[in-house]
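Colleague:
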Amino acid sequence: MAKKMIAFLLMMVLILPAAAFGEEIENGTLKLEELSIQVMPEFAKHPNDKETKRPPLLIGYQGSLINNTGKAQNGKIEIPLPVNEKNFRIGFVADYSSDLSQMFEINYELDLEKGIISWETSREIAPNDQYKFVIEFYTDAIKTKGNEKTLDYSFKSFADITLVNLTILEPMNAGNVKLEPAATEAPHENPYGLNMHTYQIKGMKAGQEKEFKLSYDRKETKTTNELLEAAGKSTPQAKAKKTEKMPLGLTVAGISAASLLACGLLILFLKKKFAPSSTVTASFEPEARTKKAQLRRLLMDGMITEEEYNELHKKLNL
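For the sequence shown, the working numbering gives the first residue as 3, with consecutive numbering after it.
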């Protein structure tokens, strides 16, 4: 069965907002329209770990930048990351093609002294076009006292962001869950029975900070990912060898991160099946019937709404 789809962008220290999008992209040319963040305690181990002594924390970001200029742009993207967190490690970094049908694993540079990850865009960004990217990383930020677990999570914006969607995913088999402040949306389950708490923050300014405190009891030592696999409830498959075909769900995740988060689809991509420095091709199978079947399956499984189904049906000319 597959390794999980997850998808997202940044947790960080404040730097000059003009510098956050790189040396080669002029100030004001790119605007961060949307940032989706998933905070996933005890969801999965780092791909290089077989065993862990502490409960892992996986955080994923998916960002959507818009080119507001009248000409194509490309260059270096720079994002601050919390490299000083205990056992901080990158899991996966990628960006999308303009039509969202391909995902390219990025050859990035991580400056531990400055706390910045940087990369060259894999394509030119056309005027009024969007540029989507994904970053996932792991830390050991969860504190433990017997079966009691606590997580103090904060997000400090590095730029003006039109909309931030932040989702905290409860671990499977967790009890006595407490979260402060309360989510802006009512707690809801995703298709795998995992409770999700979602916050929407509109018009977040550079330097603005939001803090969250999560506590829960959990005796289980296996991650949610391991429990889902044991129960045969894996999320849609996401293989990622060079030019290997991927299921439609990958492209759906790129099209509507916020709405799919609300439906419960995990958007980041665990790197266990990924080849180093590979190009991930999410090309559709040529037969229209195959595409229709995949799309219909996502609808029936509750991964997308009827409205999203109809939109994708038109987009793919089915």
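We put the beta carbon where it would ideally sit given N, CA and C, even for glycine.
These numbers come from a predicted model, not from an experiment.
Grab me the residues of Leu-165's own chain with a C-beta within less than 6 Å of its C-beta, minus the 5 sequence neighbours each way, in chain order.
Modeller: The answer, listed in chain order, is Glu-36, Lys-204.
Colleague: Ignore the nearest five residues each way along the sequence and tell me which others in Asn-76's own chain have a CB closer than 6 Å to its CB.
Modeller: Result list for Asn-76: Thr-123, Glu-126, in chain order.
Colleague: So the candidates are Glu-222, Asp-219, Tyr-201; which of them puts its Cα closest to the Cα of Lys-212?
Modeller: Cα-wise, what sits closest to Lys-212 is Tyr-201.
Colleague: Bridge partners for Ala-96 per DSSP, in chain order?
Modeller: DSSP, once it has assigned bridges, lists Glu-107, Val-136 as partnering Ala-96.
Colleague: In this structure, does DSSP put Thr-146 in helix, strand or coil?
Modeller: Of the three classes helix, strand and coil, the one that applies to Thr-146 here is strand, per DSSP.
Colleague: Is it true that the CB of Ser-100 sits closer than 8 Å to the CB of Ala-143?
Modeller: Contact flag unset, no.
Colleague: Closest to Val-179 by CA distance: which of Glu-115, Asn-149, Met-206, Leu-168 is it?
Modeller: Measuring from the Cα of Val-179, the nearest candidate turns out to be Asn-149.
Colleague: Note down, in chain order, each residue of its chain lying with its Cβ closer than 6 Å to the Cβ of Arg-56, except the 5 sequence neighbours on either side.
Modeller: For Arg-56, where only same-chain residues beyond five positions count, the Cβ hits under 6 Å are Asp-142.
Colleague: Please check the pair Ser-224 and Glu-182, which I expect to be a contact at CB under 8 Å, by giving their CB distance rounded to whole angstroms.
Modeller: Residue 224 is actually Lys in this sequence, not Ser. Not quite, the Cβ-Cβ distance comes to about 27 Å (not below 8 Å), so this is no contact.
Colleague: What beta strand (DSSP E) runs, 3 residues minimum, are completely inside the stretch 146-173?
Modeller: You should have 150-158, 163-171.
Colleague: What are the start and end residues of the alpha helix (DSSP H) that includes Leu-83?
Modeller: No alpha helix (DSSP H) holds Leu-83; DSSP gives it neither H nor E.
Colleague: Shortest alpha-carbon distance to Ile-79 belongs to which of Leu-230, Asn-89, Val-95, Glu-87?
Modeller: For Ile-79, the nearest C-alpha among the options comes from Val-95.
Colleague: For Leu-229, does the three-state DSSP call read helix, strand or coil?
Modeller: Here Leu-229 sits in helix by DSSP.
Colleague: Opposite Asp-219 in the DSSP bridges: which residues?
Modeller: BP columns for Asp-219 point to Glu-150, Gly-177.
Colleague: Round the Cβ separation of Ser-38 and Asn-167 to the nearest angstrom and send it over; I've been treating them as touching at under 8 Å.
Modeller: Confirmed, Cβ separation roughly 5 Å.
Colleague: Can you list, in chain order, the residues of its chain whose CB lies under 6 Å from that of Lys-221, leaving out five sequence neighbours each side?
Modeller: The residues are Asn-149.
Colleague: Are the CB atoms of Ile-119 and Ile-81 nearer to each other than 8 Å?
Modeller: Yes.
Colleague: Which residues mark the beginning and the end of the beta strand (DSSP E) in which Tyr-201 is found?
Modeller: From DSSP, the beta strand (DSSP E) with Tyr-201 extends over 197-206.
Colleague: Which residues does DSSP list as the beta-bridge partners of Gln-321?
Modeller: Any question about residue 321 goes unanswered here, given that the chain covers just 3 to 320.
Colleague: Quick one: what's got a C-beta closer than 6 Å to Leu-229's C-beta in the same chain, skipping five residues either side?
Modeller: Within the same chain, Leu-229 has close Cβ partners Met-174.
Colleague: Among the residues of its own chain, which have a CB less than 6 Å from the CB of Ser-217, if the five just before and after it don't count?
Modeller: Thr-152, Lys-180, listed in sequence order.
Colleague: Is it buried or exposed for Gly-62, if we count other Cβ within 10 angstroms and need 16 for buried?
Modeller: Under this definition Gly-62 is a buried residue.
Colleague: Have a look at the DSSP bridge pairing and note the partners of Lys-212.
Modeller: In the DSSP output, where bridge partners are listed per residue, Lys-212 has Phe-157.
Colleague: Which value, in whole angstroms, describes the spacing of the CA atoms of Phe-157 and Val-41?
Modeller: Answer to the nearest angstrom: the Cα atoms are 11 Å apart.
Colleague: Take Val-85 and list the residues in its own chain whose beta-carbon comes closer than 6 Å to its own, dropping the five residues that flank it on each side.
Modeller: Correct list, in chain order: Leu-114, Gly-117.
Colleague: Going straight from the alpha carbon of Ala-74 to that of Tyr-98, what length do you get?
Modeller: Near 16 Å, if we compare the C-alpha coordinates of Tyr-98 and Ala-74.
Colleague: What do you reckon, are the CB atoms on Tyr-155 and His-48 nearer than 8 Å?
Modeller: No, the pair does not count as a contact, with Cβ atoms beyond the cut-off.
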